[in-house]
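Engineer: Here's a structure for you.
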Amino acid sequence: MTSSTPASSQSTPGRPLRILYADDMKELRELITIVLGRDGHTVESFANGNLALEKLNNAAPDHFDLVITDHHMPEMNGLELVRRLRERTYRGKVMVFSSEISPIVQEKYRQLAVDRILPKPIFPAQLRTSLRDLFAVAATPSA
């Protein structure tokens, strides 16, 4: 299932972002899409890693500024999704959400250049802070 939500409110990191979000929890996908949409970002959400990867395979490598994925999903987990998108030459930012990730799995994500791992439950303020941190350069006014 895909949903796109463009919005025209203030952008948390300083500019609107194009975000791909994969999570098997429908309610969380809807909530995150609404929160980020209200901040001015465009979110395309998918129920599993296979659907997200299909979208990534059909998009230009720089189409998305950020990929957010849950770790535990059916069909393809977040680790496999990140591994495959890195093989595909995606060089954008990656954020992982999870209710539990072992230190060994966290290290595997770091080896794949994941920018941020956030524990579930995710709170809007925590997500906005992470976006500001990850895209701080984009928020800096040019001289």
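Okay, so the sequence shown: first residue is 881 according to the working numbering, each after it adds one. Quick reminder that beta carbons are idealized off the backbone N, C-alpha and C, glycines included. Every value quoted in this text rests on a predicted model; they were computed, and no experiment measured them.
(1) Are the segment 962-978 and the segment 931-943 in contact at 8 Å, needing three or more beta carbon pairs?
(2) Which residue comes first and which comes last in the alpha helix (DSSP H) that contains residue 909?
(3) Does the Cβ-Cβ distance between residue 946 and residue 974 come in under 9 Å?
(4) DSSP three-state label for residue 1004, please.
(5) Mapping DSSP to helix, strand and coil, what is residue 945?
Structural biologist: So, to answer that:
(1) yes
(2) 906-918
(3) yes
(4) helix
(5) coil
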